[in-house]
Each structure stands twice: as C-alpha cells, then as structure tokens.
Amino acid sequence: MLTFLKRWLTEEKDDPDYPRSDFRKLRHEIRSGDVILVEGRSRVAEVIGIVTRSRWSHAALYIGRLHDVADPMLRQRIREFYDGQPDVQLIAESQLGLGTVIRPLNVYQHRHLRICRPRDLAYEDVQLVLGYAIGRLGTRYDVRQILDLWRFYLPWSLFPRRLRSSLFRWKPGGGTRTVCSTMLAEAFAAVSFPLLPLVKREVNGNVRLFQRNPKLCTPSDFDYSPYFDIIKYPYMDFEGNASPAYRLMPWEGTVSLTSEESRHYIEDGLVGSGEPLPAPEADKKRRQEAD
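Structure representation (structure tokens):
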C-alpha cells in the first residue's frame with residue numbers, strides 16, 4: 001500500500017517543451033551552500049503548493065563537486081551513497097520515496113529553478129552546513145507524511161476529528177511541516193544562520209533573535225528570507241548592446257500557441273491597437289526634442 005502511495009504521489013507530469021531557467025548559466029554560477037528551490041510537477045508538489053501558497057514545492061542543498069567538500073571523511077561518506085564521477089555537481093535533498101540522498105544537479109535540468117544564497121556565509125560555516133546535510137544521508141522520509149499527503153486528497157469529512165492530522169492545517173502566524181525543508185533549516189540553524197527568526201526586544205532595549213522551528217519551515221521560506229539573496233537565471237535574458245535590450249526579445253515568429261496555452265498567454269496584441277513602440281534611437285531623439 002505504501003509503495004503504491006509513494007508512486008502515486010511522486011508521479012510527475014510531462015516536462016514542458018520549453019525551459020524557464022538557463023541551466024547552463026545556473027550550473028556555472030552556483031556555489032556550495034546555495035539552496036535550490038524547485039517548482040515540482042507531482043501530486044506532492046501540488047499539495048505543498050496549495051498549503052504553502054507558493055510555487056516552490058521542494059528545496060535542495062547544493063554540495064558541489066566532490067573536491068568542494070573539505071573534510072575527507074565527509075567525501076568518503078558521499079561515496080557510500082553516490083558512485084558516480086568525482087567531477088559531477090551534486091546536491092543533497094530529502095525526497096518522498098527516496099529519503100535523504102545525494103544526486104546529480106542535472107536531475108533538475110528541465111525544471112523551473114531559483115537559487116537562494118545565504119548572504120556572507122563564511123567558508124568554514126558553509127563546510128559545516130554541508131557536513132550536517134551529508135551526515136543526514138540515509139535518513140528515511142517520514143512515512144506518516146505519506147499518509148497525510150494521501151488523506152489531503154480525500155474528502156475531509158471522511159475522517160473522524162481525532163484522526164485528522166494537523167500536519168497541513170494552516171493557521172495565521174503558524175506554519176506547515178515540509179520534510180524536504182526541515183533538513184536544510186536545521187543545517188543553517190546549526191551554524192546560527194538566520195532563516196526567518198523571531199525578533200524580540202528586551203527590557204533594556206537589546207534585541208534577541210529566536211530561530212524558527214525547522215519542522216515548520218517550507219521551501220518558500222528561503223525565498224522570503226531577507227538573509228538569502230535570490231538569484232535567477234531566466235532562459236531569455238536581457239542581453240545585447242542595444243538599450244533597452246528587452247526590445248530585441250523575439251516576440252514574433254511562426255510558431256503558434258496550442259489551445260491550452262492560449263488560455264494563459266496571448267499571441268497578438270503585445271503593444272495594443274495604438275502606435276507601435278518607437279525604435280530605441282527614435283525614442284531617445286523624441287525625448288531630447290521634448291526637453
């Protein structure tokens with residue numbers, strides 16, 4: 001039964017035929033200790049997205065290549081769970097049906113990704129964060145959460161009140177448990193790096209911080225945290241010598257929208273029925289004449 005539930009919950013929809021992130025740039029710029037947010041396409045991802053009110057349904061920790069891990073004992077620990085080439089870029093993550101594992105970064109090559117970089121995290125603390133995650137390898141995913149996710153898809157009235165889990169019950173000021181984020185939140189808390197701390201002022205005017213309970217952290221918390229810098233690598237970037245460069249983006253062509261896509265995107269009318277946008281040089285000249 002549990003095997004069936006795992007398969008049903010983690011079954012993913014087909015990949016879109018267009019990327020949202022430039023994976024080539026991302027894999028070149030990413031650093032050890034970065035948190036990778038993933039927009040999932042499984043039933044698990046849908047549930048987490050509904051409950052957390054965010055597109056980001058999964059979070060993973062970027063380890064780097066094997067030589068990026070300074071401690072030889074930790075490198076050996078990775079070898080116990082990953083037998084690939086030493087120059088492969090690796091991530092640590094907790095996944096439903098897999099537990100806490102090491103996998104290549106390129107498993108998310110065709111996903112919508114976002115990088116959350118801990119601001120000014122010292123090198124030695126980066127290594128401690130990596131060490132915490134590596135030390136958790138082999139930890140099993142919470143089986144109860146499998147049942148809770150399954151029950152979330154069934155009518156609420158079918159379960160007696162005493163059997164209803166509070167795992168995904170949202171309350172103002174509260175939180176929801178997401179196992180994939182718990183390990184990462186614990187890793188950063190272990191080096192006293194803030195995620196979304198509670199700030200309280202003491203009687204003498206001093207400020208004290210309280211770490212958020214890691215079990216209540218969600219993937220979107222890393223996106224929301226002011227202590228993590230958000231780094232995006234859009235597939236179509238504003239590149240080129242012209243100013244503004246976005247004017248050169250390929251809005252016209254021969255390919256058309258499908259009927260499903262046309263519900264969310266528009267094929268004509270980017271500018272509207274008025275006059276077309278002037279060329280950059282003409283626009284600049286017009287502003288100078290107006291001045």
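The working numbering puts the last residue of the sequence shown at 291; the count rises by one with no breaks. All C-beta atoms, glycine included, are put in the ideal place defined by N, C-alpha and C. It should be emphasised that the depicted structure is a prediction, and the values quoted were computed from it without experimental measurement.
**Report entry** Beta-carbon proximity check, L26 vs L113, cutoff 8 Å
**Finding:** A contact, by the Cβ cut-off of 8 Å.
Query raised in the report: From what residue to what residue does the beta strand (DSSP E) around H58 run?
Result: Run containing H58: H58 to G64, per the beta strand (DSSP E) assignment.
Query - L66 to F188 span [Cα, whole Å] - result: If you take the alpha carbons of L66 and F188, they lie about 21 Å apart.
Report task. With distances taken Cα to Cα, identify the nearest neighbour of N106 among R117, P250, R24 and T182. Result -> Comparing C-alpha distances from N106 to each of R117, P250, R24 and T182 shows the shortest one belongs to R24.
Query - Residues sharing a beta bridge with T100, DSSP - result: According to DSSP, which records beta bridges pairwise, T100 is partnered with S94.
Query raised in the report: Which of helix, strand or coil does DSSP assign to R20?
Result: Correct three-state label for R20: coil.
Query raised in the report: Which class does L37 belong to by DSSP, given the choice of helix, strand or coil?
Result: The three-state secondary structure of L37, taken from DSSP, is strand.
Requested in this report: Assign A245 to one of two classes, buried (16 or more other C-beta atoms within 10 Å of its C-beta) or exposed (fewer than that).
Outcome: By the neighbour-count criterion, in which a residue is buried when 16 or more other Cβ atoms sit within 10 angstroms of its Cβ, A245 is exposed.
Query raised in the report: What residue range is occupied by the uninterrupted alpha helix (DSSP H) comprising I134?
Result: Per DSSP, the continuous alpha helix (DSSP H) segment holding I134 begins and ends at Y123 to G135.
Requested in this report: Grab me the residues of C217's own chain with a C-beta within less than 8 Å of its C-beta, minus the 5 sequence neighbours each way, in chain order.
Outcome: Contacts found: G175, T178, S181, T182, L184, A185, L195 and L196.
Query raised in the report: In three-state terms, what does DSSP make of P234?
Result: DSSP places P234 in the strand class (E or B) of the three-state scheme.
Query raised in the report: Roughly how many angstroms lie between the CA atoms of S94 and N204, to the nearest whole one?
Result: Looking at the two C-alpha atoms, the distance is approximately 42 Å.
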